[in-house]
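For the sequence shown, counting from 1, position 52 maps to 55 in our numbering; every step adds exactly one. Here is the structure we will look at.
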Amino acid sequence: MKIAWLTDIHLNFLDRNSRIRFYEFIVIAKVDLIIISGDIAEAPTVKEILIEMGKVINRPIYFVLGNHDYYFGYVQEVRDEMSQLDNTMPILHWLPATKPVLLKNQIYLVGQDGWADGRNGNYYQSPVAVNDSRLIVDLFLQQSSGKKSLLEQMQLFADSDAQQLNDKIIDAAALGAKQLLVITHVPPFKESCFHRGKTDSKDFFPYYSSQATGKVLLELAVKYEQIKFSVFCGHTHAKSLYKPLENLTIKTGQAEYYMPEIQEIISL
């Protein structure tokens, strides 16, 4: 089985002809399915772009959403739209609304969007300001009440997603998984967070890593030492590899705006 891993492709920045050329490049790769670790487009366009991609590639597409996919929208409205997407096109699967997917021979696929939770680094002293709190309606409404309210909302999203990921991994383990491909958007560890390639990114840690997700992965990798955890994420636009445990590996993909690419062909 061959799987194309994509991340942070930001297809809304491209015109339709450029998007079609990218899809055709994926077709040429002759993969069996596609996984996307978020930042596909923005809230007003992500559904249409996913349908467009599905029509051209005609292969199963399993994806999570990134922060950009919620831009110019309400989080729950976008989630509701994604939850119904497979009714429109059965090959499109938003992983948070999908049970563990058997790929082959006790290898399962699970995923959750994941949110930065402000717990790594120093949130209150960081000079970094990100667009999320201006362009995601839920975060904007909290940010207008102050930094504390914004942090609380970030952590509500992050903790909820982390709990759902926890439950999916437990379900996959109960099914006899020996390997798990875990797809999420925000890196689960600060050690995977190199904002646009910078090695000293501590000011970005609060907005570019999810301690809640990392805690779940560490605890379950210890609990299920017989399972190999392969985590694929994005968000930072910088490539990294981190292995905190023998059975837990985190790959973060690189990206450039206007230049979508296949991160890796995963062979199973």
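Ideal placement from N, C-alpha and C gives every residue a C-beta, glycine not left out.
Take Y160 and list the residues in its own chain whose beta-carbon comes closer than 6 Å to its own, dropping the five residues that flank it on each side.
A small fix is needed here, since residue 160 is Phe in this sequence, not Tyr. Cβ neighbours of F160 beyond the five flanking positions: W118.
Does DSSP put T91 in a helix, in a strand, or in coil?
helix
Could you compute how far the alpha carbon of L106 sits from the alpha carbon of D11?
23 Å
Give every residue of the same chain whose Cβ lies closer than 6 Å to the Cβ of F49, excluding the five residues on either side of it in the sequence, and list them in chain order.
Looking at the sequence provided, one finds Val at residue 49 rather than Phe. The answer, listed in chain order, is I43, D72.
How big is the Cα-Cα spacing for P47 and K33?
30 Å
Check whether P190 and Y211 have beta carbons under 8 Å apart
yes
Determine the closest residue to N70 out of E264, G237, T252, L244, with distance taken between C-alpha atoms.
G237
N-terminal and C-terminal residue of the beta strand (DSSP E) that T255 is part of:
251-255
Residue from H96, P209, Q109 whose Cα sits closest to the Cα of I54
H96
Opening and closing residue of the beta strand (DSSP E) in which G114 lies
110-114
Near E265, what residues of its chain come up, given a Cβ to Cβ distance below 8 Å and the 5 sequence neighbours on each side ignored?
Note on residue identity: the sequence assigns Ile, not Glu, to residue 265. Correct list, in chain order: A7, W8, L9, F28, I29, A32.
Apply the 10 Å Cβ neighbour rule to R137 and answer buried if 16 or more other Cβ atoms are within range, or exposed otherwise.
exposed
With respect to the alpha helix (DSSP H) encompassing S152, which residues constitute its N-terminal and C-terminal limits?
150-177
Please report the distance separating the alpha-carbon of R82 from that of L98.
11 Å
Test item: CB-CB of Q128 and K181 under 8 Å:
no
Quickly, what does DSSP pair A7 with across the bridge? List them, please.
I37, I268
Count the other CB atoms within 10 Å of the CB of F75; is the residue buried (16 or more) or exposed (fewer)?
exposed
Taking C-beta to C-beta, are I172 and L223 nearer than 8 Å?
yes
DSSP bridge partner residues for G76 (one or two, in chain order):
I139
Can you tell me which of the three DSSP states P247 falls into?
strand
How far does the beta strand (DSSP E) with Y260 in it extend, from its first residue to its last?
Premise fails: Y260 is in no beta strand (DSSP E) and is neither H nor E.
F232 by DSSP, collapsed to three states: which one?
strand
Under a three-way DSSP split, which group does Q146 fall into?
helix
What is the rounded straight-line gap between the Cα of A177 and the Cα of L248?
21 Å
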